[in-house]
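Asks:
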Ligand SMILES: [Cu+2]
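Residue numbers (the working numbering): 1 to 300.
1. Out of curiosity, what's the CA-to-CA distance linking residue 251 and residue 47?
2. Straight-line CA distance for residue 236 to residue 214?
3. Within the continuous alpha helix (DSSP H) that includes residue 233, where are the two ends?
4. Could you tell me which residues DSSP pairs with residue 77 in its beta bridges?
5. Considering only heavy atoms of ligand 1, does any lie closer than 7 Å to the CB of residue 65?
6. Helix, strand or coil for residue 190 per DSSP?
7. From the DSSP output, which residues share a beta bridge with residue 277?
8. Between the alpha carbons of residue 29 and residue 107, how many angstroms are there, rounded?
9. If we call anything under 8 Å between Cβ atoms a contact, is residue 120 one with residue 152?
10. Taking only three categories from DSSP, how would you classify residue 115?
11. Indicate whether residue 364 and residue 174 have their beta-carbon atoms separated by less than 8 Å.
12. Can you tell which of 244, 246, 216 and 240 has the C-alpha that lies nearest to the C-alpha of residue 232?
13. Please confirm whether any heavy atom of ligand 1 lies closer than 7 Å to the CB of residue 257.
14. With DSSP collapsed to three states, give me the class of residue 211.
15. Say whether the region 173-188 touches the region 154-164, bearing in mind that this needs 3 or more beta-carbon pairs closer than 8 Å, one atom from each stretch.
16. Based on Cα-Cα distance, which residue from 53, 248 and 26 lies nearest to residue 38?
17. According to the neighbour-count rule (16 or more other Cβ atoms, all chains shown, within 10 Å of its Cβ), is residue 114 buried or exposed?
18. So what does residue 52 bridge to, in DSSP terms?
19. Would you say residue 207 and residue 163 are within 8 Å of each other, going by their C-beta atoms?
20. Reducing DSSP to helix, strand and coil, say where residue 141 ends up.
21. Which one or two residues does DSSP pair with residue 26 in a beta bridge?
22. Leaving out five residues on either side along the sequence, give the residues of the same chain with a beta carbon under 8 Å from the beta carbon of residue 261.
23. Determine the direct distance from the alpha carbon of residue 199 to that of residue 190, and round the result to whole angstroms.
24. Out of 193, 21, 271 and 70, which has the shortest C-alpha to C-alpha gap to residue 44?
25. Rounded to the nearest angstrom, how far is the Cβ of residue 34 from that of residue 12, given a contact under 8 Å?
26. Run the CB neighbour count on residue 65, radius 10 Å, all protein chains shown included, and call it buried at 16 or more, exposed below.
27. Following the continuous beta strand (DSSP E) through residue 149, name the residue where it begins and the one where it ends.
28. Grab the span of the beta strand (DSSP E) containing residue 106 for me, first residue to last.
29. Let me check understanding here. Comparing Cα to Cα, which of 19, 51 and 27 lies closest to residue 5?
30. Is it the case that the region 238-246 contacts the region 120-138, given that we only count it when at least three CB pairs across the two stretches are under 8 Å?
31. Answer yes or no: the CB of residue 100 versus the heavy atoms of ligand 1, is any distance below 7 Å?
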């Protein structure tokens, strides 16, 4: 049965939240994690996209997409799928492809006035300041105007979304960070018909100042567009985003090389991102979680 416009909300156990065994006292403290799950599933033709928001006790916010359903297939000569597909059953090939997603995040980190900082980890060269070769540090750059930014695995780049008005107990701006772990390199050529229609997929983070009519990364009518509208065009306005109502557009995806195990119905393939508090709280915010017992456990 298909239920239109349905949203599911439930809470579930998520394993260990934190734990420590003190070897001097031989005492253990452990707390279990729970998360609130808000989900909905969109069926798009042959495919399902199950969208999950997870709200964790430690303040982490996660978004996860589970791709499932029936993969796109074509007939082939048995044993000869060619280089652009995988034979998933005799005479049936699944096309090599990618899924690109963009989350429009209308940020409000401790208020509407936010600031975006790009953070890169740098290695200190071997020498007097790094005699053992194990010193590294992060550099921070405030992104003051609208732009598209790229991930950088070489520096473990992440982006910090700060409040422009609130500080934590250490005197630093309260913030959340995004590490683009679910991003993939797009392999569709930018000048191809598909590439021209989705220029936003070639950057992993777009930053704009909030405007209520700028809602879709590929423009209002993506399926019939010429590629001129969308977030890549919004940023050409060059608006200031330092201390403004910032919208972050995060692009992530799935690199899908079909397997025999994806046929005839595909187990979920997952991707997504996390927004993690970084100095948003003054201390671990889960210290007041009570311990829980398990009646089935024989350990006291
Ligand atoms: Cu796929």
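We put the CB at the ideal spot given by N, CA and C, even for glycine.
Replies: Concretely, from the data shown:
1. What you label residue 251 is simply residue 251 of the chain shown in a count that begins at 1. What you label residue 47 is simply residue 47 of the chain shown in a count that begins at 1. Whole-angstrom Cα-Cα distance: 20 Å.
2. The sequence position of residue 236 within the chain shown is 236, counting from 1. The sequence position of residue 214 within the chain shown is 214, counting from 1. So the alpha carbons of these two residues sit roughly 13 Å apart.
3. Numbered from 1 along the chain shown, position 233 holds the residue referred to as residue 233. Residues 231-234.
4. As a position in the chain shown, residue 77 is number 77, starting the count at 1. Looking at the DSSP assignment, residue 77 forms a beta bridge with 80.
5. Numbered from 1 along the chain shown, position 65 holds the residue referred to as residue 65. Not so, every heavy atom of ligand 1 lies at least 7 Å from the Cβ.
6. In the chain shown, the residue the question calls residue 190 occupies position 190. Looking at residue 190 - three-state DSSP - the assignment turns out to be coil, as it is neither helix nor strand.
7. Taking the chain shown and counting its residues from 1, one reaches residue 277 at position 277. DSSP output for residue 277 lists 176 as bridge partner(s).
8. Stepping through the chain shown from its first residue, residue 29 is reached at position 29. Stepping through the chain shown from its first residue, residue 107 is reached at position 107. For residue 29 and residue 107, the distance between alpha carbons rounds to 35 Å.
9. Walking along the chain shown from the start, residue 120 turns up at place 120. Walking along the chain shown from the start, residue 152 turns up at place 152. Against a cut-off of 8 Å, the Cβ pair of residue 152 and residue 120 comes out as a contact.
10. Position 115 of the chain shown holds residue 115. Residue state, collapsed to three classes: strand.
11. This structure leaves residue 364 out entirely; the chain is present only between 1 and 300.
12. Here residue 232 is taken as the residue at index 232 of the chain shown, counted from 1. It is 216.
13. Indexing the chain shown from 1 puts residue 257 at position 257. False, no ligand heavy atom lies under 7 Å from that Cβ.
14. Walking along the chain shown from the start, residue 211 turns up at place 211. Residue 211 falls in the coil class under three-state DSSP.
15. yes
16. In the chain shown, the residue the question calls residue 38 occupies position 38. It is 53 whose Cα lies nearest to the Cα of residue 38.
17. Here residue 114 refers to the residue found at position 114 of the chain shown. Under this definition residue 114 is a buried residue.
18. Residue 52 sits at position 52 when you count from the first residue of the chain shown. Partner(s): 39 and 64.
19. For the purposes of this step, residue 207 is taken as residue 207 along the chain shown, with counting starting at 1. For the purposes of this step, residue 163 is taken as residue 163 along the chain shown, with counting starting at 1. Result no, Cβ atoms of residue 207 and residue 163 do not sit closer than 8 Å.
20. By one-based count along the chain shown, residue 141 stands at place 141. Of the three classes helix, strand and coil, the one that applies to residue 141 here is strand, per DSSP.
21. Here residue 26 refers to the residue found at position 26 when the chain shown is read from its first residue. Paired residue(s): none; residue 26 is not in a bridge.
22. Here residue 261 refers to the residue found at position 261 of the chain shown. Result list for residue 261: 267, in chain order.
23. Within the chain shown, residue 190 is the residue found at index 190, counting from 1. Within the chain shown, residue 199 is the residue found at index 199, counting from 1. Distance between the alpha carbons of residue 190 and residue 199 is about 7 Å.
24. Translated into the one-based positions of the chain shown, residue 44 becomes position 44. It is 70.
25. As a working mapping, residue 34 is identified with position 34 in the chain shown. As a working mapping, residue 12 is identified with position 12 in the chain shown. Right, their Cβ atoms sit about 7 Å apart.
26. Counting from one through the chain shown, the residue named residue 65 turns up at place 65. So residue 65 counts as buried.
27. Residue 149 sits at position 149 when you count from the first residue of the chain shown. That run of the beta strand (DSSP E) goes 147-149.
28. Looking up residue 106 in the chain shown gives position 106. Its beta strand (DSSP E) spans residues 97-106.
29. Against the chain shown, residue 5 aligns to sequence position 5. Of 19, 51 and 27, the residue nearest in Cα terms is 51.
30. no
31. Against the chain shown, residue 100 aligns to sequence position 100. It does not: the Cβ of residue 100 is nowhere closer than 7 Å to a heavy atom of ligand 1.
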